[in-house]
Structure formats: C-alpha cells, structure tokens
Amino acid sequence: MLKINENFLALPGDYLFAEVARRAARQEAAHPDKRLIRLGIGDVTLPLPRACVEAMKSAAEEQADAETFRGYGPYDGYGFLREAIVKNEYAPLGCNTAPGEIFVSDGAKSDCGNIGDIFSAECTVAVCDPVYPVYVDANVLAGRAGKYADGKWSRIAYMPCTAENGFIPKPEDLPAGNGDAAPDLIYLCSPNNPTGAAATKEELALWVDYANMHGSVILFDAAYRDFITESGLPRSIYEIPGAETCAIEFCSFSKKAGFTGTRCGWTVVPHALERGGARLYDLWMRRQATKYNGTSYIIQRGAEAVYSEEGAREVRGHIGAYLNNARVIREGLVSAGLEVYGGVNSPYIWFRAPGGLGSWEFFDRLLEEANVVTTPGAGFGPSGEGFIRLTAFGRMEDSVEAISRIKSIL
Ligand SMILES: *Cc1c(COP(=O)(O)O)cnc(C)c1O
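One rule links them: number in the working numbering = place in the sequence shown (from 1) + 1.
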C-alpha cells in the first residue's frame, strides 16, 4: 500500500500567521469603521528600485530576439551575477569568497529548506528559540525532528534566546541531555528574525570554533545583513576566520531590494567545506542540478542592477526608510516605558508585553484597543512567550500612527 510522507501529518498547522490573520479579520468585521495597521508579517512595502525594473525590461526584450534569447541557464546562476555579488558583498568585507562558491537561487527560504537534502536524516539539529519557523519545519519534513510535545520537537536542540544572553546564543546554551554529542547542523540567523539581535564577530567566532572542533555545519542566514548600522558587526559569517571550513551562508534580495515577490537570493558553499569525505559544494551542485533549473535570466539581470550606481542609491534609500521606521517604533515604545530590543541593526522590534502579560493576551489588546496587528512572540517558540514582534517594513505614516495608538492605550 502506498505510504505518504507521514512527517507532513506530524507537522502542526501554520498556526501562528493563520491565527493572527483570523483574529485580525474578526476585529475588522466587528469594527469596520476602524482602520487596522498591520505591522505583523515581514513583507516589504516599498516598490522595486527603478534600476531593477529597467534591467528586467531590457532582459525581457533580449528574450524576444533569437540573437540574444537565453534558454536554460547555469544551475548555479549566471557568472555576471555571481561576480557582482562577490565584488559588492564579499570583497569589501575582506572575505575571499569566490564567484565559483555562489549559487544564485529563487530566494533564501527555498535554500534554507532544501539544504537538508545533502545531509543524512540522522543528523541532529540545533536552532534558536524563538526561531524562523522554516528551519524547524523543513527538518520535520525530512524526518529529523522526532516527536512533538509542548511546542518542541524531541530531536531538535533549542537554544533559549533571552534578554539574559542578549538574544544571541553561545555554544554553552546548547541544552544538556544529548550526552556530549554536538549537534550536526546549527542554524544561526543574524541580524535575527524575530528578535532583531545582531551577533558580534566574537560571538560568531565561538560558533565557528565550536563547529570546526566538533565537525558540525553552521547554516547561517544573513537575509538581514544590509540592515546592520553599528560598525564592526559582521555582515557575513566568512568575516570570521575558519568559517569556510564549517559554514554555509544564505542571503536574499528580498529584504535588501524589495524582491519578496520577484524572487532572488544566493547561497555560499565554500569549496573548503568537506564532511564525510565529500565537498558539500559538489553535493549542493548535484542537488540543484537534479531538482532546480536555475533562476530566471530576467530576474538575475534585475538583481544585478541592485549593484549599479542608480540601483545601489535606491536600495540605500529603501533600507534607510525602513531603519527610520524602526527607530520611530523603537523610540516610541521606549518612551512609553516598555522593555524594547532590536530595531537598530534590524527591521524587527522585539518588546516585552507590559505587566507580565502573555504574548497572545497583549496581541489581543493591541488589536482590539489600538487596531494594530502585531506578531505574538510565543508563536516563534516557547522562549518568545511574553514578547511581541513589530516590523518596520510598513509605511512611514503607519509606523508613526501605530506607535501613537499603542502609547495611547498604555
Ligand atoms: C524573509 C526571510 C528570508 C528571505 O526569504 P526569501 O525566500 O529570500 O524571500 C530568509 N530568512 C529569514 C529569517 C527571513 O526572515
């Protein structure tokens, strides 16, 4: 008898965002006269840079001419984009990442989820708590997670990220109980979604040394690297000596340049990264060649334009606008006497619900009394309980208005 992948049945529903949407819809139906402001989900609101749109238009025209038409492209992306990424994203940081170590993709979410294909189902996994749900759910589907109880999977090691550790876990925060065995795969995300915390070089170096010593692989999500404002903070894990023998890095044009709907990102698999007698680069190339036929030529030309003079100027403007929203939100909440984190090197603001309220209780107050949609921290993991996440990706007027409404109900 045919058996389905029963891991799909083990996965709890997409409770968090579905429940947020359900409660927001109920509020809207009950109070049609009140305008909801949505600072919940992490989608951008500013349009694509003009330079990217123009580049995609001319790339589309090339496709109409037999002389310049392009069919299937390279599995790892066109050289022009991989070279532009190295020149603009890695060389200025002093990283010696090569174009031949980059895989252009349709976004970081796919690669973060698919990377598990190159590892055994027996690998053990460590994640932050709270966490971007993709890392966990992809491992559930791959059969690596064990049994689900009380918001956690039995074979996943959760590292609590709390105000006490500045929301940045250290190897010593790995839970005991696994014997002394180090996790095989360690997911790190900096600047972090949802907490907005950004790791220092010293903090990342602890993980790089740990992974090299124990043979673990770090899966480093740098989707928010462009939001770093404080000098000295690493934008790539390859700024840390030794990372090329233990880390894979995921990046995206989504938050950087508004590509959430256009779809483009990249993943770095260093040639020096070997495990089990194989180069992980070769395994990932084989995986992509088997299951992916490359990112659209037109989109790759659009992404390349992010690095043109005009594109770079527009991107700086967008990121500056979101960071300004983050500042307005952050300062507003601080002046209301709340305990606030993030929002400096990140478009996310993470704050503690006042009066010891739970995440969902305060979510409901913000929704019903201020008509502001947020995301309850508890939805990202047990250690998120008591916190709320706000995004700075909304419109400026909405960020200002939301904060004044929130202050008025406190
Ligand atoms: C938004 C986001 C991404 C980017 O996803 P894309 O698929 O490139 O749009 C990756 N990681 C985190 C943590 C994110 O929040």
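In this text, a Cβ means the ideal position worked out from N, Cα and C, and glycines have one as well.
Review point. Any contact of the segment 358-377 with the segment 282-301, i.e. 3+ C-beta pairs under 8 Å?
Key: no
Point to revise | Buried or exposed (CB count within 10 angstroms, at least 16 for buried), D283 | key: Taking the first residue of the sequence shown as 1, we reach residue 283 at position 282. Exposed.
Review point. Hey, would you say the C-beta of N89 is under 7 Å away from at least one heavy atom of ligand 1?
Key: Against the sequence shown, residue 89 aligns to sequence position 88. Checking the Cβ of N89 against ligand 1 gives no.
Practice item. Flag T261 as yes when its Cβ comes closer than 7 Å to any non-hydrogen atom of ligand 1, and as no otherwise. Key: By one-based count along the sequence shown, residue 261 stands at place 260. Within the cutoff, so yes.
Review point. Tell me the DSSP bridge mates of F251?
Key: Residue numbering aside, residue 251 sits at position 250 when the sequence shown is read from its first letter. When beta bridges are read from the DSSP output, F251 appears opposite D222, T268.
Practice item. Tell me where the alpha helix (DSSP H) around Y16 begins and ends. Key: Within the sequence shown, numbered from 1, the residue matching residue 16 stands at position 15. Here the alpha helix (DSSP H) through Y16 covers 16-31.
Check your understanding: Going by alpha carbons, who is nearest to A31 out of E310, F254, N372?
Key -> The residue given as residue 31 occupies position 30 in the sequence shown. Of the listed residues, the one whose Cα sits closest to A31 is N372.
Exercise for review: Output the distance between the C-alpha atoms of A122 and I300, rounded to the nearest integer angstrom.
Suggested key: Here the question's residue 122 lines up with position 121 in the sequence shown. Here the question's residue 300 lines up with position 299 in the sequence shown. So the two alpha carbons sit approximately 33 Å from each other.
Point to revise | Identity of the residue in I410, N346, L324, I404 nearest V45 by Cα | key: Here residue 45 refers to the residue found at position 44 of the sequence shown. By alpha-carbon distance to V45, the top candidate from I410, N346, L324, I404 is L324.
Exercise for review: Would you check whether ligand 1 has a heavy atom nearer than 7 Å to the C-beta of S217?
Suggested key: Translated into the one-based positions of the sequence shown, residue 217 becomes position 216. In this structure, S217 has its CB at a distance of at least 7 Å from all heavy atoms of ligand 1.
Point to revise | Inter-residue spacing [alpha-carbon to alpha-carbon] between I103 and L367 | key: To locate residue 103, count along the sequence shown from 1; it is residue 102. To locate residue 367, count along the sequence shown from 1; it is residue 366. Rounded to the nearest angstrom, the two C-alpha atoms are 43 Å apart.
Practice item. Please state whether DSSP places W343 in a helix, a strand or coil. Key: Numbered from its first residue, the sequence shown carries residue 343 at position 342. With the sequence shown as reference, residue 343 is identified as Gly, and Trp is not the correct amino acid for it. Strand, per DSSP.
Review point. Pairing CB atoms from the segment 136-151 with CB atoms from the segment 5-21, are three or more of them under 8 Å?
Key: yes
Review point. DSSP beta-bridge partners for D130?
Key: By one-based count along the sequence shown, residue 130 stands at place 129. Note: D130 sits in a beta bridge opposite P161.
Review point. Under the rule that 16 or more other beta-carbon atoms within 10 Å means buried, what is H272, buried or exposed?
Key: Your numbering for residue 272 matches position 271 in the sequence shown. Looking at its Cβ environment, which holds fewer than 16 other Cβ atoms inside 10 Å, H272 is exposed.
Review point. Is any heavy atom in ligand 1 found nearer than 7 Å to the beta carbon of A354?
Key: In the sequence shown, counting from the first residue as 1, residue 354 sits at position 353. Not under cutoff, so the answer is no.
Check your understanding: Taking the C-alpha atoms as reference points, what is the distance between T196 and E63?
Key -> Here residue 196 refers to the residue found at position 195 of the sequence shown. Here residue 63 refers to the residue found at position 62 of the sequence shown. In a straight line, the C-alpha of T196 is about 43 Å away from that of E63.
Check your understanding: Between the segment 87-94 and the segment 235-243, are three or more C-beta pairs nearer than 8 Å?
Key -> yes
Review point. Thinking C-beta only, is W267 closer than 8 Å to I86?
Key: The sequence position of residue 86 within the sequence shown is 85, counting from 1. The sequence position of residue 267 within the sequence shown is 266, counting from 1. Contact flag set, yes.
Check your understanding: From the DSSP output, which residues share a beta bridge with K153?
Key -> Position 152 of the sequence shown, counting from 1, holds the residue named residue 153. According to DSSP, which records beta bridges pairwise, K153 is partnered with A150.
Review point. Where does the unbroken beta strand (DSSP E) through F104 begin, and where does it stop?
Key: On the sequence shown, residue 104 is found 103 positions in, with the first residue counted as 1. Its beta strand (DSSP E) spans residues 103-106.
Practice item. Flag A158 as yes when its Cβ comes closer than 7 Å to any non-hydrogen atom of ligand 1, and as no otherwise. Key: Indexing the sequence shown from 1 puts residue 158 at position 157. In this structure, A158 has its CB at a distance of at least 7 Å from all heavy atoms of ligand 1.
Check your understanding: What are the residues that DSSP puts in a beta bridge with F352?
Key -> Looking up residue 352 in the sequence shown gives position 351. Looking at the DSSP assignment, F352 forms a beta bridge with V341, I389.
Check your understanding: Does ligand 1 have a heavy atom nearer than 7 Å to the CB of A164?
Key -> Position 163 of the sequence shown holds residue 164. A164 Cβ: outside cutoff for every heavy atom of ligand 1.
Review point. Does the pairing of the segment 18-32 with the segment 222-235 give three or more beta-carbon distances under 8 Å?
Key: Because the criterion of three Cβ pairs below 8 Å is not met, the segment 18-32 and the segment 222-235 do not touch.
Check your understanding: Does ligand 1 have a heavy atom nearer than 7 Å to the CB of Y323?
Key -> Your numbering for residue 323 matches position 322 in the sequence shown. It does not: the Cβ of Y323 is nowhere closer than 7 Å to a heavy atom of ligand 1.
Point to revise | Any non-hydrogen atom of ligand 1 within 7 Å of K110 CB | key: The count along the sequence shown starts at 1 and reaches residue 110 at position 109. Correct: K110 has its Cβ closer than 7 Å to ligand 1.
Review point. Do you know offhand how far A313's Cα is from V307's?
Key: Here residue 313 refers to the residue found at position 312 of the sequence shown. Here residue 307 refers to the residue found at position 306 of the sequence shown. Looking at the two C-alpha atoms, the distance is approximately 5 Å.
Exercise for review: Tell me whether L391 is buried or exposed, calling it buried when 16 or more other Cβ atoms sit within 10 Å of its Cβ.
Suggested key: The count along the sequence shown starts at 1 and reaches residue 391 at position 390. The residue is buried, with at least 16 neighbouring Cβ atoms inside 10 Å.
**Study point:** Buried or exposed (CB count within 10 angstroms, at least 16 for buried), V54
**Key:** By 1-based counting over the sequence shown, the position of residue 54 is 53. Classification of V54: exposed, given that the 10 Å Cβ count is below 16.
**Study point:** Segments assigned alpha helix (DSSP H), at least 4 residues, entirely inside the segment 43-118
**Key:** 51-63, 80-86, 109-115
Point to revise | Start-to-end residues for the beta strand (DSSP E) that takes in L234 | key: On the sequence shown, residue 234 is found 233 positions in, with the first residue counted as 1. L234 -> no beta strand (DSSP E), and no H or E assigned at all.
Review point. From P33 to E369, what does the alpha carbon distance come to, in whole angstroms?
Key: In the sequence shown, residue 33 corresponds to position 32, counting from 1. In the sequence shown, residue 369 corresponds to position 368, counting from 1. Using only the alpha carbons, I get a separation of about 12 Å.
Practice item. Taking A403 and L47 to be in contact with their CB atoms under 8 Å, please state how far apart those CB atoms are, rounded to whole angstroms. Key: As a working mapping, residue 403 is identified with position 402 in the sequence shown. As a working mapping, residue 47 is identified with position 46 in the sequence shown. With 8 Å as the limit, A403 and L47 do not qualify as a contact, their Cβ atoms being about 17 Å apart.
Check your understanding: Any chance the CB of N140 is under 7 Å from a heavy atom of ligand 1?
Key -> Mapped onto the sequence shown, residue 140 falls at position 139. No, ligand 1 has no heavy atom inside 7 Å of this Cβ.
Point to revise | Rounded C-alpha distance that separates N326 from K110 | key: In the sequence shown, counting from the first residue as 1, residue 326 sits at position 325. In the sequence shown, counting from the first residue as 1, residue 110 sits at position 109. The alpha-carbon atoms of N326 and K110 are separated by roughly 25 Å.
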